[in-house]
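Asks:
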Amino acid sequence: MPISSFSSEELSYEKVSLEETSGEVLLKERVIDYALNKSNIPLISQLGRSQHGFVNNLTRRKAWSSLLESQLQLSSSKTCEVADSKTINNNDYNDDSDDDNDNVVHEDENQVQLDVKRSFVSVRDVHVRDLLRQVLERVIISVLRKYPQLRYYQGFHDVVSVFVLVYLGDEILASGTDENLILKYDEEISLKKSVEIFTLLYLRDFMMDSLEFPIDQLNIILKIIKKKDIKFYNKLSLGQIEPFFAISSILTIFSHELSPIMDNTYNETLFGIFDLIISTQSMNVPLLIYSNILLGVKDQLLENFEMDIIHFDNKVDLVHAIIQKVILQSIDNDRMWKETMINTRKMNYDKSLISLNKSMLNKYSVLITTASGDAYYNHCYTEKEVMEILRKEIQLNEKRNIEKAQLKMKKSTNSPELGLINKTSMTLAVSLLIGAFAVIISLQRDNSYSTLFKNTGDSLNNIYEYYTVKLVNRSTYVWKQPLESILTYLKSNTTS
Numbered sequence: 002m003p004i005s006s007f008s009s010e011e012l013s014y015e016k017v018s019l020e021e022t023s024g025e026v027l028l029k030e031r032v033i034d035y036a037l038n039k040s041n042i043p044l045i046s047q048l049g050r051s052q053h054g055f056v057n058n059l060t061r062r063k064a065w066s067s068l069l070e071s072q073l074q075l076s077s078s079k080t081c082e083v084a085d086s087k088t089i090n091n092n093d094y095n096d097d098s099d100d101d102n103d104n105v106v107h108e109d110e111n112q113v114q115l116d117v118k119r120s121f122v123s124v125r126d127v128h129v130r131d132l133l134r135q136v137l138e139r140v141i142i143s144v145l146r147k148y149p150q151l152r153y154y155q156g157f158h159d160v161v162s163v164f165v166l167v168y169l170g171d172e173i174l175a176s177g178t179d180e181n182l183i184l185k186y187d188e189e190i191s192l193k194k195s196v197e198i199f200t201l202l203y204l205r206d207f208m209m210d211s212l213e214f215p216i217d218q219l220n221i222i223l224k225i226i227k228k229k230d231i232k233f234y235n236k237l238s239l240g241q242i243e244p245f246f247a248i249s250s251i252l253t254i255f256s257h258e259l260s261p262i263m264d265n266t267y268n269e270t271l272f273g274i275f276d277l278i279i280s281t282q283s284m285n286v287p288l289l290i291y292s293n294i295l296l297g298v299k300d301q302l303l304e305n306f307e308m309d310i311i312h313f314d315n316k317v318d319l320v321h322a323i324i325q326k327v328i329l330q331s332i333d334n335d336r337m338w339k340e341t342m343i344n345t346r347k348m349n350y351d352k353s354l355i356s357l358n359k360s361m362l363n364k365y366s367v368l369i370t371t372a373s374g375d376a377y378y379n380h381c382y383t384e385k386e387v388m389e390i391l392r393k394e395i396q397l398n399e400k401r402n403i404e405k406a407q408l409k410m411k412k413s414t415n416s417p418e419l420g421l422i423n424k425t426s427m428t429l430a431v432s433l434l435i436g437a438f439a440v441i442i443s444l445q446r447d448n449s450y451s452t453l454f455k456n457t458g459d460s461l462n463n464i465y466e467y468y469t470v471k472l473v474n475r476s477t478y479v480w481k482q483p484l485e486s487i488l489t490y491l492k493s494n495t496t497s
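Quick look at the structure:
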């Protein structure tokens, strides 16, 4: 059904102001069901980017599938222009292992298995946790084997775990400790299809063999802050630093900070972030969210800046340290997240962001092409189109890697140790940083500081600040001997 055939009443739902009451949420749920039954993609999109998102996981997974399948037509799927929630036939989606790629082990599968074993740690029931991990691994492996040119990154498993809980979490939770639980084939196929589309349209920049393109995205955060609050930007000298403090949040789309658990009440914010991303077809959303978080806690940041400046040799180290400290303290602040999401919804309509992206990113980036936020429900990509964009983006990434390596070779003539820092060590550095952040969040949420460190949260904050500073300064030693570096640093902190 063409967009022009929808009535003005259907397209004006966003004007309705929804209060935070159960009655209003139930009303919105009915409207979502209506939009899904009518296959009204514009209305579904409007509902998803308004307050409360898609309300619950039953409507959420239907809405995600409808929107994602309206954004990309997979070669094995017949749906594109309108993904009808009543008529989508998952048998059209070829998930068999007949394809040659499906039988070829991807080079990153060992790392996938290691990361999956660390997933869903908050789920106490062993059978439920094992089932979630099995599904998570199957989905990730299926995507990587189908698209071997994509590189797995540590954080991708966190993103996919959100989809696993949305599509299958309720059923698994309802099953209790049933060891014989068998998931419905159609439900897992729908999950795989949605993850595949989301990966191709939204996560391509992160799935290269270097971090060049993700770092490009991080720099947009600083530009947004400069545009919104130039005094704050100048006070913290944000123009002089690289925003590695945000890399975990952006790569995982906040699924470290808001690690999903089986209690869906707690997941409301995290799922709402994904609702907004998919509904607007925009990966600007995570960048806007992080920018708004910093702007929302700027008073605390400035206070810490003035208080701690005497303890640091330079502003760069200080800024990274205080941002990590304040963000960590604000993670579980519901009011902060609500205000952040309200501001993000408003800013997401800012067309100047798109022109900003074009000046800072590679021309094949998701922020310029498939997830720019400028074309939601107006264009349905074909798999062939996206594969061509991916091919060109990989080529450009390889070219940049070569140019960067040549530059390092020249510099290493004067500094031999600098030549040791290559693409692999930088990736390892960020992986360790993300891993450290995950541990800190888990300990903070479980209130378990004292079981590992006598000095409560201070040691954890020290570790985080220490690694942030080392990452910014590109220290070689800390990444060659990470454990020794941590222990040495903690010892010196404890005895001082």
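When we follow the working numbering, the leftmost residue of the sequence shown carries the number 2, and every step to the right adds one.
Quick reminder that beta carbons are idealized off the backbone N, C-alpha and C, glycines included.
Please read these numbers as outputs of a predicted model, since none were measured by experiment.
1. Which whole-angstrom value is the C-beta distance of residue 215 and residue 248, which I expect to be below 8 Å?
2. Hey, how far is the Cα of residue 237 from the Cα of residue 279?
3. Just to confirm my understanding: we take residue 84, look at its own chain, exclude 5 residues before and 5 after, and list those with CB closer than 6 Å. What are they?
4. Straight-line CA distance for residue 108 to residue 303?
5. Could you tell me if residue 240 is buried or exposed, where buried requires 16 or more neighbouring beta carbons within 10 angstroms of its beta carbon?
6. Could you name the residues of the same chain whose beta carbon sits closer than 7 Å to that of residue 99, not counting the 5 residues immediately before and after it, in chain order?
7. Restricting to runs no shorter than 4 residues, where is the alpha helix (DSSP H) found entirely within the segment 110-143?
8. With H, G and I counted as helix, E and B as strand and the rest as coil, what does DSSP make of residue 69?
9. If we ignore side chains and look at the alpha-carbon of each, how far apart do residue 194 and residue 368 end up?
10. Based on the DSSP secondary-structure assignment, which residues constitute the bridge partners of residue 383?
11. Answer yes or no: do residue 345 and residue 408 have a C-beta to C-beta separation smaller than 8 Å?
12. From this set, 404, 397 and 412, which residue's C-alpha is nearest residue 209's C-alpha?
13. For my contact list, residue 42 and residue 60 are in at a C-beta cut-off of 8 Å; report their separation, rounded to the angstrom.
14. Compute the distance between the beta-carbons of residue 294 and residue 323, then report whether it is under 8 Å.
15. What is the DSSP secondary structure of residue 256, counted as helix, strand or coil?
16. Under 8 Å between the Cβ atoms of residue 246 and residue 325?
17. Taking residue 259 as the reference, which of 370, 271 and 358 has the closest Cα?
18. Assign residue 318 to buried or exposed, taking buried as 16 or more other Cβ atoms, counted over all protein chains shown, within 10 Å of its Cβ.
19. DSSP three-state label for residue 238, please.
Replies: The relevant details are as follows:
1. In the sequence shown, residue 215 corresponds to position 214, counting from 1. In the sequence shown, residue 248 corresponds to position 247, counting from 1. Right, their Cβ atoms sit about 7 Å apart.
2. The count along the sequence shown starts at 1 and reaches residue 237 at position 236. The count along the sequence shown starts at 1 and reaches residue 279 at position 278. So the alpha carbons of these two residues sit roughly 33 Å apart.
3. Position 83 of the sequence shown, counted from the first residue, corresponds to residue 84. Summary for residue 84: the model assigns pLDDT 45, below 50, so the residue's position carries little reliability, and this model does not support an answer.
4. In the sequence shown, residue 108 corresponds to position 107, counting from 1. In the sequence shown, residue 303 corresponds to position 302, counting from 1. Residue 108 and residue 303: Cα-Cα distance of roughly 45 Å.
5. Within the sequence shown, residue 240 is the residue found at index 239, counting from 1. It counts as exposed.
6. Translated into the one-based positions of the sequence shown, residue 99 becomes position 98. Any answer about residue 99 is weak, because its pLDDT of 43 lies below 50 and its placement is not dependable; what the coordinates show is given next. For residue 99, where only same-chain residues beyond five positions count, there are no Cβ hits under 7 Å.
7. 110-118
8. In the sequence shown, residue 69 corresponds to position 68, counting from 1. Three-state DSSP puts residue 69 in a helix.
9. Reading the sequence shown from its first residue, position 193 is the one you call residue 194. Reading the sequence shown from its first residue, position 367 is the one you call residue 368. Computed Cα separation, rounded: 22 Å.
10. Stepping through the sequence shown from its first residue, residue 383 is reached at position 382. DSSP output for residue 383 lists 74 as bridge partner(s).
11. Translated into positions along the sequence shown, residue 345 becomes position 344. Translated into positions along the sequence shown, residue 408 becomes position 407. It is not a contact, given that the beta carbons lie outside the stated cut-off.
12. Mapped onto the sequence shown, residue 209 falls at position 208. Ranking 404, 397 and 412 by Cα distance to residue 209 puts 397 first.
13. Here residue 42 refers to the residue found at position 41 of the sequence shown. Here residue 60 refers to the residue found at position 59 of the sequence shown. Incorrect: roughly 15 Å between the Cβ atoms, too far for contact.
14. The residue you call residue 294 lines up with position 293 of the sequence shown. The residue you call residue 323 lines up with position 322 of the sequence shown. Cβ distance not < 8 Å, so residue 294 and residue 323 don't count as in contact.
15. Taking the sequence shown and counting its residues from 1, one reaches residue 256 at position 255. If DSSP states are grouped into helix, strand and coil, residue 256 belongs with coil.
16. Residue mapping note: residue 246 aligns to position 245 of the sequence shown, counting from 1. Residue mapping note: residue 325 aligns to position 324 of the sequence shown, counting from 1. For residue 246 and residue 325, yes; Cβs fall inside 8 Å.
17. The count along the sequence shown starts at 1 and reaches residue 259 at position 258. Nearest option by C-alpha distance: 271.
18. In the sequence shown, residue 318 corresponds to position 317, counting from 1. Buried.
19. As a working note, residue 238 is residue 237 in the sequence shown. Coil.
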